[in-house]
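Enquirer: Encoded as C-alpha cells, here's the structure I'll be asking about.
Protein chains: 2
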Amino acid sequence: MSEDLADYLRKNDGRIREELFDLLRIPSVSARSEHKADMIRTAEWVRDSLKSLGFETGIHQTKGHPIVIGEWRKAAGAPTVLIYGHYDVQPPEPLELWTSPPFEPTVRDGRIFARGSVDDKGQFFLHIKAVEAHLRTRGKLPVNIVFLIEGEEEIGSENLAEFVSANRELLKADAVVISDSTMYAEGQPSILSSLRGLAYFEINVQGPAGDLHSGMYGGAVVNPATALAKIIATFHDEQGRVAIDGFYDSVREWEPEIREQMRQLPTDDATFLKEVGAPALGGEHGYTTLERLWTRPTCEVNGLLSGYTGEGAKTVLPARAMAKVSCRLVPDQLPRDIERLFKAHVARVAPKGVTVTCEHLHGGRAWKAKLEGPIFDAARAALESAFGKAPVITGEGGSIPVVSDFEEMLGAPVLLVGFGLPGENAHAPDEWISEENFRRGMVAMAEMWDYYAAAVAAA
Amino acid sequence: MSEDLADYLRKNDGRIREELFDLLRIPSVSARSEHKADMIRTAEWVRDSLKSLGFETGIHQTKGHPIVIGEWRKAAGAPTVLIYGHYDVQPPEPLELWTSPPFEPTVRDGRIFARGSVDDKGQFFLHIKAVEAHLRTRGKLPVNIVFLIEGEEEIGSENLAEFVSANRELLKADAVVISDSTMYAEGQPSILSSLRGLAYFEINVQGPAGDLHSGMYGGAVVNPATALAKIIATFHDEQGRVAIDGFYDSVREWEPEIREQMRQLPTDDATFLKEVGAPALGGEHGYTTLERLWTRPTCEVNGLLSGYTGEGAKTVLPARAMAKVSCRLVPDQLPRDIERLFKAHVARVAPKGVTVTCEHLHGGRAWKAKLEGPIFDAARAALESAFGKAPVITGEGGSIPVVSDFEEMLGAPVLLVGFGLPGENAHAPDEWISEENFRRGMVAMAEMWDYYAAAVAAA
Chain A
3 MSEDLADYLR KNDGRIREEL FDLLRIPSVS ARSEHKADMI RTAEWVRDSL KSLGFETGIH
63 QTKGHPIVIG EWRKAAGAPT VLIYGHYDVQ PPEPLELWTS PPFEPTVRDG RIFARGSVDD
123 KGQFFLHIKA VEAHLRTRGK LPVNIVFLIE GEEEIGSENL AEFVSANREL LKADAVVISD
183 STMYAEGQPS ILSSLRGLAY FEINVQGPAG DLHSGMYGGA VVNPATALAK IIATFHDEQG
243 RVAIDGFYDS VREWEPEIRE QMRQLPTDDA TFLKEVGAPA LGGEHGYTTL ERLWTRPTCE
303 VNGLLSGYTG EGAKTVLPAR AMAKVSCRLV PDQLPRDIER LFKAHVARVA PKGVTVTCEH
363 LHGGRAWKAK LEGPIFDAAR AALESAFGKA PVITGEGGSI PVVSDFEEML GAPVLLVGFG
423 LPGENAHAPD EWISEENFRR GMVAMAEMWD YYAAAVAAA
Chain B
3 MSEDLADYLR KNDGRIREEL FDLLRIPSVS ARSEHKADMI RTAEWVRDSL KSLGFETGIH
63 QTKGHPIVIG EWRKAAGAPT VLIYGHYDVQ PPEPLELWTS PPFEPTVRDG RIFARGSVDD
123 KGQFFLHIKA VEAHLRTRGK LPVNIVFLIE GEEEIGSENL AEFVSANREL LKADAVVISD
183 STMYAEGQPS ILSSLRGLAY FEINVQGPAG DLHSGMYGGA VVNPATALAK IIATFHDEQG
243 RVAIDGFYDS VREWEPEIRE QMRQLPTDDA TFLKEVGAPA LGGEHGYTTL ERLWTRPTCE
303 VNGLLSGYTG EGAKTVLPAR AMAKVSCRLV PDQLPRDIER LFKAHVARVA PKGVTVTCEH
363 LHGGRAWKAK LEGPIFDAAR AALESAFGKA PVITGEGGSI PVVSDFEEML GAPVLLVGFG
423 LPGENAHAPD EWISEENFRR GMVAMAEMWD YYAAAVAAA
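Protein chains in written order, with our numbering: chain A, 3 to 461; chain B, 3 to 461.
Below is the structure:
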C-alpha cells in the first residue's frame, strides 16, 4: 500500500488530537435527561466534522437522541460501506474515583483518559480521520461510505432499529464496520466474532408507604431491603449457574473449532485477576474464564439502593428498595424470552408483605459472525499492515445490540474491529484509549478501504 | 393544683411557639460532619434558653457534640430531678418526600411539622417552658432541677455514658425524667415501661478494585452486590426469626402480668397496617404486633448502596456494596454479645471472591422500668390532671440507650413520659408533633413538680 495515508495522518497528528479532545469534552451522557442539550451539541459536532470533508450530512430526530448520517457516494461501481458508531457515553459517576475530570481529556503514560475516549467517541472518530486521509491526499475514496453515528447505544439503542428499518435504502451497504470493542492484547489486533446480548431490568420493592422508624415499627413490617436481598439471592445456584427456570433452554453450544481456537489464545487467570483487583475469580463452575466471559450468559446486579446510605447510622426502616439487574445473553437466547422468564421468577420468589415490580429497561440480542468475504480479508490485511501482526479472532462479553439488527435488516456482513484494550475502564472511572492504538487504528482503517476496493474488484 | 401554671402557659402560647420554631429551624443533624457549626449553635441556643430563666449553665465539650447542662438548686431540702433530652436530630433525607421543608416549621391540621419537632426538640423544650411557668409565676421551683441536653442521641450517645460516669456528683438525682417517646393513642397519656436496645452495623463488600463493565467482565468475577444480598438473605429463617446462631440465647421472657396488661390495650392491626401503608404486616411467627414491636428483637436493613442507582441503565459490575443493618435488642441481650454473634455470622456466610468487612457503629442496651415510687405517682397524677385521663403503661420498640446508663450510674429511677403520637414520622419525612400534646404536655410537666415535691414530702 502507498504511504500517503499514513504520512498524512502523522503530519496532522496534533490537529487531530485537538479535534478529538474537543469531542471528548462534551458530556454526552444519554442516560441523563439534563444532558439533552449536550447530546444535540455532540450530534452537531459530528455532523460538522463530516460535512467539512464533503459528506452529505443530516441529523435525524428520533423519539430519543438524534442520529447523525454522513454520505459520500462518489465511487461509482465500488462497494458501499456503512460505518456505525455512537456519540453517547456512560454516566461518569462515581466522580471522586476519576484521577482527572471525565470530560477534560488528559494524557498520562501514552493513554488518553476521558469518558468516551474508547467507548466510543475515540473509535468512530478515528474512522472519520481515516476517511479524511483519503479525501485530503487523493481527493476521493476508493469505496462509498455512509456514517451512522447514534446517541443511544449506552441506553439500549432503542430507536435505532426503527430508523434502520425505515431507511434500508439509505443505509444499504455491502458491509458494515463497527469499532466499539477491544483488541485481545496490546499490539495484538483482533477481529471480534461474537457478542453477548442483554436484558436489563429494574426491580422495585415497596414496603410501607413511607420510611419508618426502625425501632418503633421494626419487627412487625416486612423490610423491603431484606425482601430485595432475598429475591437477588435466588438468582444463582451454588454452582454459579443462573437459577431462573428455563434460562439456559435456548443456549446454543459453541462450535468445537471456535472453542479450540479460543483455548489457543494466550491467557492467564493470574493476570486477569490482577487486572480486576478482586480477591479471587468466580463464576459458573466448569468453564474457563474466557468461556465465562464470551460464551456463557450471566445475571449481574448493576445497582442497589435503599434507605439511608450516608455517613453514620440512621435507624430507618426503608419504604422501598431498588435493584438494577442485567442478564448477558448468548446465542440463541432472545431478550424477550429472558424478560418473560426473569419477570416470572421475580414474581414467584417475591416475599409477602411487599409489592414487587420488575421493569425491562432494554435488551439486545447476542451475535456470532461469519468470518469470511472481502471485508474480513481487507480487515486482516490492513490490521497486519498497520500493527505488524496478523489479527486474532476473539469473542466479547459485552453487547452491541444493533449488530444483529444491521445484519438482519441490511443483509450485509458486520465487521467488528476494535482498538480498545483490556483494562480500559469503558464503563468505569478513568476510561482511556491507547494513543498508539488510536494512531495505528486510523492508519489501518484508512488502508482498509484500499484493500477492500481491491478485494471486491478481484472477486 | 393551682391554675397559675396553666394560665401562664396559655397566655404565653404565641411567644413559646416562636421560640420553639427558632429551635426547630437549626439543622442540628448529628450524623453529618458538615453540621458541626449547627450543633454548636443549637447547644448555645439551649444554654441561653436555660440561662435566661436563672439556671446555672455550661456547655461541656465531648469527643463529639457538646452537652448542655443547666442547674437550678435553690429548693433546699427538696428532691432533685434530672431532665434528659437531646438537641440533635435525624438526617432529613429524602428531602423530596417532605411536604414542607424539614427545617422550616409549618403547622397543618393541628400538627407542627419539622425535623426534630417530636424527636426530641419539641419534647425537651416543653420541659424548659414548664419550668419557666414556675419561675415566672412563683419565682421558684418546688424541686431542684438539672437539665442534661445532649447532641448525640441519634448517633448512639457515644460520649454520654462517659460524661455521666465522670459527673455523678453533678448529675446526682432522686429521679430522671425523659420525654422522648409517644403516647399510646391520641388523648391517652402513657408511661413507658420498656425500650429495646440496639446494635447497629455497617457491612462492606469489596469485589473488584474498581467498577467494571458488566459485559466485559460479567460472569468471571464475583458480584459484590449479589454477595451482599446472599449475606442479608441469611439473616432470617422462614418463620421470620433472626437466624443468627445464639441470637435468642439471652432473651428474657416477658412477665405474664405485663403481657396480660399489654393484651388489654386497645389495638387494631388494620389501623396499624393503614398507618404504615404496607401491603401486609409481617414479622416473627407466633407473636402479636405489639409483642413483635415491644418484646421481640429484630434484624433490619436500614440502607443499601451499590453500583449505579441513577436514572436509566448502566451496565456496571460494581466494585463494592454496602449495607447498614441494625438489630433491636430486648432484655437481657447485650450489644457487645450481639456484635460478636453478628460478626461471626457475617464472616461465616460471606461468599468467596469478595472481601467482607463488618463494623459495629453503635449500640445500646434494652431496658425495663420498675413502675413504683414518688416520681411515678406524680407523673400519673399530673398526666391525669392535664389530659383528663389516667395514663396507661406501654412498651416501646425504639431505643434510648442512655436510660440503662442513667439508672445504673445514678442509681435513680427513670420516668419515661412522652408526648409523641403513633404516625409521627420521627425518623422519616414529615415528622410532626401534635399542638395539643405539646400544650398539655407543658402543663402536665409543670404540675408534675408540685405533685412530686408533695409525694416526697409525704413519704
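Don't be surprised by glycine CBs; every beta carbon is placed ideally from N, CA and C.
1. Under a three-way DSSP split, which group does V253(A) fall into?
2. Taking buried to mean at least 16 other C-beta atoms within 10 Å of its own C-beta, is K372(B) buried or exposed?
3. Using the Cβ count rule (16 or more neighbours within 10 Å means buried), how would you classify G397(A)?
4. For the stretch 351-431 of chain B, which segments carrying the beta strand (DSSP E) assignment without a break, of at least 3 residues, lie completely within its bounds, in sequence order?
5. State the start and end residues of the unbroken beta strand (DSSP E) segment that holds H62(B).
6. Could you tell me whether the Cβ of S401(B) comes closer than 9 angstroms to any Cβ of chain A?
7. Against chain B, with Cβ distances strictly below 9 angstroms, would D270(A) count as a contact?
8. Exposed or buried, Q63(B), counting other C-beta atoms within 10 Å across all chains shown (16 or more means buried)?
9. From the DSSP output, read off the bridge partner residues of E302(B).
10. Over the uninterrupted alpha helix (DSSP H) stretch that includes F127(A), give me the two end residues.
11. Strictly under 9 angstroms for the Cβ-Cβ distance: is E259(A) near chain B by that measure?
12. Given this structure, state the Cα-to-Cα distance separating G209(B) from T291(A), to the nearest angstrom.
13. Determine the extent of the alpha helix (DSSP H) in which V83(A) is found, giving its start and end residues.
14. Given a cut-off of 9 angstroms on the beta-carbon distance, is the pair G420(B) and D90(B) in contact?
15. Classify T311(B): buried if its beta carbon has 16 or more other beta carbons within 10 angstroms, exposed otherwise.
16. I85(A) and I157(A) - do their beta-carbons sit closer together than 9 angstroms?
17. W369(B) to L230(A), Cα distance in whole Å?
18. Which residue or residues does DSSP assign as beta-bridge partners of G212(B)?
19. Express the C-alpha separation of S35(B) and H364(B) in angstroms, rounding to a whole number.
20. Whole angstroms are fine: how far does the CA of G242(A) sit from the CA of T269(A)?
21. Is it true that the stretch 280-288 of chain B meets the stretch 213-229 of chain A, where meeting means three or more beta-carbon pairs spaced less than 8 angstroms apart?
22. Determine the contact status of K174(A) and T82(A), defining contact as a CB-CB distance below 9 angstroms.
23. For the pair the stretch 191-208 of chain A and the stretch 424-435 of chain A, tell me if three or more CB-CB distances fall below 8 angstroms.
24. Can you list the residues of chain B that F344(A) reaches, using a CB-CB cut of under 7 angstroms?
25. Looking at A2(B): is its Cβ nearer than 9 angstroms to the Cβ of V207(B)?
26. Going by beta carbon distance, what residues of the same chain come within less than 6 angstroms of S406(B), once the five residues before and after it are set aside?
27. Under 8 angstroms Cβ to Cβ from E204(A), same chain only, skipping five residues before and after it: list those, please.
28. Does N146(B) come within less than 9 angstroms of chain A when only Cβ atoms are used?
29. Please confirm whether H429(B) has its beta-carbon closer than 9 angstroms to some beta-carbon of chain A.
30. Return the CA-CA distance between G400(B) and H429(B), expressed in angstroms with no decimal places.
31. Classify K354(B) as buried or exposed, calling it buried when 16 or more other Cβ atoms lie within 10 Å of its own Cβ.
32. Got a sec, what are the start and stop residues for the beta strand (DSSP E) V148(B) sits in?
33. Going along the chain, which residues of its own chain have a beta-carbon closer than 8 angstroms to the beta-carbon of L128(A), five neighbours each way excluded?
34. According to the neighbour-count rule (16 or more other Cβ atoms, all chains shown, within 10 Å of its Cβ), is D176(A) buried or exposed?
35. Below 6 angstroms CB to CB, which residues in the same chain sit around E409(A) once its five sequence neighbours on both sides are set aside?
36. So is T357(A) in contact with chain B if we call contact Cβ pairs under 9 angstroms?
Expert: In short, the structure shows the following:
1. Correct three-state label for V253(A): coil.
2. With fewer than 16 other Cβ atoms within 10 Å, it is exposed.
3. By the Cβ neighbour-count rule, G397(A) is buried, with 16 or more other Cβ atoms within 10 Å of its own.
4. 357-366, 394-396 and 416-418, all fully within the stretch 351-431 of chain B.
5. Residues E58 to H62.
6. Output row for S401(B): interface = yes.
7. False, the Cβ-Cβ gap to chain B never drops below 9 angstroms.
8. The Cβ neighbour count for Q63(B), taken over all protein chains shown within 10 Å, is under 16; the residue is labelled exposed.
9. For E302(B), the pairing in a beta bridge is given by DSSP as S328(B).
10. Note, F127(A): alpha helix (DSSP H), K123 to R140.
11. For E259(A), the answer is no, since every Cβ of chain B falls outside 9 angstroms of its Cβ.
12. When only Cα atoms are considered, G209(B) and T291(A) end up about 16 angstroms apart.
13. Counting along the chain, V83(A) sits inside no alpha helix (DSSP H); it lies in the beta strand (DSSP E) bounded by residues T82 to H88.
14. Result no, Cβ atoms of G420(B) and D90(B) do not sit closer than 9 angstroms.
15. Burial is judged here by how many other beta carbons sit within 10 angstroms of a residue's own beta carbon; T311(B) has at least 16 and is buried.
16. No, these two residues do not count as a Cβ contact at 9 angstroms.
17. The alpha-carbon atoms of W369(B) and L230(A) are separated by roughly 32 angstroms.
18. Paired residue(s): none; G212(B) is not in a bridge.
19. Cα-Cα distance, rounded: 17 angstroms.
20. Taking the straight line joining both Cα atoms gives about 22 angstroms.
21. Between the stretch 280-288 of chain B and the stretch 213-229 of chain A, the count of C-beta pairs closer than 8 angstroms reaches three or more; the two stretches touch.
22. Yes, Cβ-Cβ distance for K174(A) and T82(A) is below 9 angstroms.
23. The stretch 191-208 of chain A is not in contact with the stretch 424-435 of chain A.
24. Ordered by position in chain B, no residue passes the 7 angstroms Cβ test against F344(A), which lies about 14 angstroms from the chain.
25. Nothing about residue 2(B) can be read from this structure; chain B reaches only from 3 to 461.
26. Correct list, in chain order: R367 and W369.
27. The beta carbon of E204(A) sits closer than 8 angstroms to those of M324, A325, K326, V327, C360, E361 and L363, all from its chain and outside the five residues before and after it, given in chain order.
28. Cβ-Cβ to chain A under 9 angstroms: no for N146(B).
29. Output row for H429(B): interface = yes.
30. Cα to Cα, G400(B) sits roughly 11 angstroms from H429(B).
31. By the Cβ neighbour-count rule, K354(B) is exposed, with fewer than 16 other Cβ atoms within 10 Å of its own.
32. In the DSSP annotation of this structure, the continuous segment of the beta strand (DSSP E) that includes V148(B) starts and ends at N146 to E152.
33. Cβ within range, chain order: S181, F421, F440, G443, M444 and M447.
34. So D176(A) ends up on the buried side.
35. Same-chain partners within the cutoff: V416.
36. Yes, because at least one Cβ of chain B sits closer than 9 angstroms to the Cβ of T357(A).
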